Amino acid sequence: MEGSTDYLQIAKDLLLEYGPRVLLALLLLVLGLWVIKYISRGIRKGLARREMDETLQKFLSNLVSWILKVMLFIAVLSQLGIESTSFIAVLGAAGLAIGLALQGSLSNFAGGVLIMLFRPFKVGDVISAQGETGKVKEIDIFTTKLLTPQNRLVILPNGSLSNGAITNFTAEGFQKIFLTIGVSYDADIKQTKEVLLGAIEKQEKVLTDPPPLVEVSGLGESSVDFAVRCSVYNDDFWPVQFNLIATIKEDLDAADIEIPYPHRVEIHRKE
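Quick note: the sequence shown, position 158, residue 158 per UniProt numbering, numbers continuous.
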């Protein structure tokens with residue numbers, strides 16, 4: 001009985017000594033997380049009112065949130081009686097060791113910061129980079145996610161992405177359709193140009209500024225090649241291009257203008 005009484009007394013003493021600290025630390029943690037969430041949300045709304053890019057809004061609010069959470073964690077440890085200076089020293093040493101072990105991740109983080117600052121693309125843009133082409137679905141701190149035309153999700157590391165060449169197809173708001181159409185050498189050039197321009201005019205979503213262009217671009221082995229150029233808004237690019245190709249084929253057939261193909265002559269030598 002005497003031993004159990006001693007244990008109860010020890011437990012009581014520990015509870016009286018550390019109980020208030022633990023309760024205050026928990027209260028500080030809960031209240032701090034709520035305040036951080038409120039601040040992060042306020043930052044997002046403030047940046048949205050300034051019409052800042054949505055990706056940059058998310059990045060900055062998340063960055064502030066993580067910094068505040070680290071500060072809150074240090075404050076909670078201090079409330080529990082753990083010296084913050086010692087913890088910061090340990091945290092710094094651990095950070096250095098982790099940094100050396102995760103150089104690639106730090107490179108990706110730096111790449112994410114550069115992408116956010118210089119904004120070579122934004123969510124919704126269609127880009128080509130690192131051998132991949134697709135619409136930017138999401139830009140995170142470490143990676144960028146692309147959705148390809150085949151509906152495949154491609155995740156690119158921001159480090160290599162920020163250091164390589166990036167082609168942004170939709171940055172200007174519109175794109176140009178480039179086609180090369182070959183016709184027979186017997187075809188009349190003036191008539192062919194009229195037919196090709198007429199096929200473009202049938203596409204309602206082709207822009208008039210800049211104006212469409214049809215010109216002879218080359219003399220091939222079996223065809224006179226025409227360059228066909230016209231501009232469309234980004235969302236109309238593929239539908240208009242597909243329909244334009246079909247219209248050109250139909251109109252050339254209707255005008256009896258031949259689209260030639262290379263001829264191959266096979267000679268069989270009799271031994």
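For glycine and all other residues, C-beta sits at the position ideal for the given N, C-alpha and C.
Since we're looking at a predicted model, the values are computed, not measured.
L102 to L33, Cα distance in whole Å? With a pLDDT of 49 at L102, under the threshold of 50, the modelled position of this residue cannot be trusted; read the value that follows with caution. Distance between the alpha carbons of L102 and L33: 28 Å.
Within the continuous beta strand (DSSP E) that includes S217, where are the two ends? Its beta strand (DSSP E) spans residues L213 to L219.
For N151, does the count of other Cβ atoms within 10 angstroms reach 16, so buried, or fall short, so exposed? Around the Cβ of N151, a 10 Å sphere holds fewer than 16 other Cβ atoms; the residue is exposed.
Is the separation between the beta-carbon of N158 and that of F142 shorter than 9 Å? Contact flag set, yes.
How far does the alpha helix (DSSP H) with I141 in it extend, from its first residue to its last? Bounds of any alpha helix (DSSP H) do not take in I141, whose DSSP letter is neither H nor E.
Using C-beta distances below 8 Å, list every residue in its chain close to D236, excluding the 5 sequence neighbours before and after it, in chain order. In chain order, K205 place their CB closer than 8 Å to the CB of D236, counting only its own chain and leaving out the 5 sequence neighbours on each side.
Could you tell me the boundaries of the beta strand (DSSP E) in which A129 lies? From DSSP, the beta strand (DSSP E) with A129 extends over V126 to A129.
Got a sec, what are the start and stop residues for the beta strand (DSSP E) P260 sits in? Unbroken run through P260: none, as it is neither H nor E.
Close Cβ partners of V195 (< 7 Å) along its chain, the five nearest in sequence each way excluded: Same-chain partners within the cutoff: D251, L252, A255 and I257.
If contacts are defined as beta-carbon pairs under 8 Å, then I36 and S61 qualify, I think. What distance do you get, rounded to the angstrom? In fact, because the Cβ distance is near 10 Å, the residues do not count as touching under 8 Å.
Would you tell me roughly how many angstroms separate the C-alpha atoms of I67 and R21, rounded to the nearest one? Looking at the backbone, the Cα of I67 and that of R21 are separated by about 24 Å.
Can you tell me which residues form a DSSP beta bridge with L179? Its beta-bridge partners are V228.
Where F121 and F109 are concerned, what is the direct C-alpha to C-alpha distance, given to the nearest angstrom? When rounded, the distance between both Cα atoms is 17 Å.
Any chain C beta carbon closer than 9 Å to F242: Absent from the structure: chain C. Only one protein chain is present.
Beta-carbon proximity list for Y261, same chain, < 8 Å, skipping 5 on both sides: These residues qualify, in order along the chain: S222.
Which residue marks the beginning of the beta strand (DSSP E) containing N168, and which one marks its end? For N168, the enclosing beta strand (DSSP E) covers residues I166 to N168.
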